[in-house]
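Numbering (the working numbering), first residue to last: 1037 to 1340.
All residues carry an ideal CB built from backbone N, CA and C; glycine is no exception.
As structure tokens, the structure follows; a few thoughts come after it.
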């Protein structure tokens, strides 16, 4: 099995370690409970790196009762993440260990400028830490072909550079899986086809999970000190005053529909283009005529 080796690796060079991951270990090892959450796009939603990491944790802490939250939703970006975090993750309870990825989605789905990448990522991290100041976090940067070309040209993809600014500001560990893949391809150890593309094949997911496994194995290689206690995170000043730190969903009941709007299940068969199966039975706000109007009130800097 992927995680069966007894050898302990050093922290990989493409991982920027900014935490010892002691807080979550205390929960797992001494209290024998833990909430581990994953958030991202389709790379998280698919059965890829996520189940490999959960299996590693279950093997590492066999007596721990884990709650695993999968908050991956295809084609969603960090902006969406900041708005849905409370509903999809925090509603399940304080998070002890949080795995996050949105670099590819912010690049190819949202086509975000750096500002939007920062605001979404900061919104997510700050909400996590305000909910539980003892949370440990790993951000993984996955890769698409355009991002791969930039890395091989010695450049940092925009979404990764922006997310890294936020991670550094909040002292969050990052796994630069994208650079690891680029280096292996350049060295002839891997091809893009073998890697599996935007949605990694088993080999690609093993690389991503392996970086995390080696990081945590190194952090946890020595016994916990008998007097070890959780370390509360000190919250820095906001990096961007307009980051989505209060992202949330409004109730549908707070919307007043005026001319042209209905709340119903759309007639997807007669709507051009594709749709996500998970949403096709949901009641949505639907308008088919220009200048249709609805009213709602909110306090904040953005709505969508």
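Checklist line | Selection from 1306, 1053 and 1164 that minimises the alpha carbon distance to residue 1074 | finding: 1164
Next item on the list: Give me the Cα-Cα distance between residue 1181 and residue 1261, rounded to the nearest whole angstrom.
Entry: Distance between the alpha carbons of residue 1181 and residue 1261: 45 Å.
Next item on the list: Measure from the alpha carbon of residue 1049 to the alpha carbon of each residue in 1145, 1213 and 1185, then state which is nearest.
Entry: Taking residue 1049 as reference, the option from 1145, 1213 and 1185 with the minimal CA-CA separation is 1213.
Next item on the list: Give the DSSP-derived three-state secondary structure of residue 1071 in the structure shown.
Entry: Here residue 1071 carries a strand assignment [DSSP, helix/strand/coil].
Notebook entry, point to check: What runs of the alpha helix (DSSP H), each 4 residues or longer, lie entirely inside the region 1043-1122?
Noted result: For the region 1043-1122, whole alpha helix (DSSP H) runs of length 4 or above, ordered along the chain, are 1058-1062, 1078-1081 and 1085-1096.
Next item on the list: Could you name each continuous beta strand (DSSP E) segment of 3 residues or more that falls completely within the region 1165-1199, going from the start of the chain to the end?
Entry: 1172-1176
Notebook entry, point to check: Secondary structure at residue 1041, three-state DSSP: helix, strand or coil?
Noted result: Residue confidence is low: residue 1041 scores 38 on pLDDT, short of 50, so the model does not pin down where it sits. Its coordinate-derived value is still stated next. Of the three classes helix, strand and coil, the one that applies to residue 1041 here is coil, per DSSP.
Next item on the list: Output the residue ranges of the alpha helix (DSSP H) runs that lie fully inside the region 1198-1278 and measure 4 residues or longer, sorted by chain position.
Entry: 1213-1222, 1228-1231 and 1238-1255
Next item on the list: From the DSSP output, in three-state form, read off residue 1140 for me.
Entry: helix
Margin query: Taking 8 Å as the cut-off, does the region 1266-1273 touch the region 1294-1304 (at least 3 CB pairs, one atom from each stretch)?
Written below: no
Next item on the list: Could you tell me how far apart the beta carbons of residue 1085 and residue 1244 are, in whole angstroms, since I believe they sit closer than 8 Å?
Entry: 4 Å
Note to self: Among 1235, 1315, 1286 and 1312, whose alpha-carbon lies nearest the alpha-carbon of residue 1346?
What the structure shows: With the chain represented from 1037 up to 1340, any question about residue 1346 goes unanswered, as that position is not in the structure.
Check: Are the Cβ atoms of residue 1097 and residue 1072 separated by less than 7 Å?
Finding: no
Note to self: At the level of alpha carbons, what is the spacing between residue 1280 and residue 1254?
What the structure shows: For residue 1280 and residue 1254, the distance between alpha carbons rounds to 34 Å.
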